[in-house]
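In terms of the working numbering, the sequence shown opens at residue 4 and continues consecutively.
For reference, the structure is listed below as structure tokens.
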Amino acid sequence: MNVCMAQINTLVGDIAGNTQRVLEVSAAQKAAGAHVVVFPELTLTGYPPEDLLLRGDLLDRTEACAGDALC
């Protein structure tokens, strides 16, 4: 099993854009032979999320972007 540990530049709060970048990197690594691609925590929300954590829609927005594609 080939495992790739990936780290990307994220934009805090750009959940859709960060998700798109994760999908792009994952596809490229799959083409390179990776079976699993692992990203750091808070990759989708960006780090540090600070005040975003106080927004009630953060989890909903993250789940909507992530869907089944990232699991």
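Glycine included, every Cβ here is placed at the ideal spot set by N, Cα and C.
Sequence-distant residues of its chain with Cβ nearer than 7 Å to residue i (five each side left out)
| i | result |
| --- | --- |
| Ser-29 | Val-40 |
| Arg-64 | Ile-18 |
C-beta atoms of residue i and residue j nearer than 8 Å
| i | j | result |
| --- | --- | --- |
| Ala-69 | Leu-47 | yes |
Simplified DSSP state of residue i, which is helix, strand or coil
| i | result |
| --- | --- |
| Val-28 | helix |
Residue i, buried or exposed, once every other Cβ within 10 Å from all chains shown has been counted against 16
| i | result |
| --- | --- |
| Gly-6 | First, the amino acid is wrong: residue 6 is Val here, not Gly. Classification of Val-6: exposed, given that the 10 Å Cβ count is below 16. |
| Asn-12 | exposed |
| Arg-24 | buried |
Cutoff 6 Å; reference residue i; Cβ partners in own chain excluding five residues on either side
| i | result |
| --- | --- |
| Met-4 | His-38 |
| Gly-36 | Asn-5 |
Contact set for residue i: own chain, Cβ-Cβ below 8 Å, skip 5 residues either direction
| i | result |
| --- | --- |
| Val-15 | Thr-48, Gly-49, Tyr-50, Pro-51, Pro-52, Glu-53, Leu-55 |
Integer-rounded CB distance, given that residue j should sit under 8 Å from residue i
| i | j | result |
| --- | --- | --- |
| Phe-42 | Ala-67 | In fact, because the Cβ distance is near 18 Å, the residues do not count as touching under 8 Å. |
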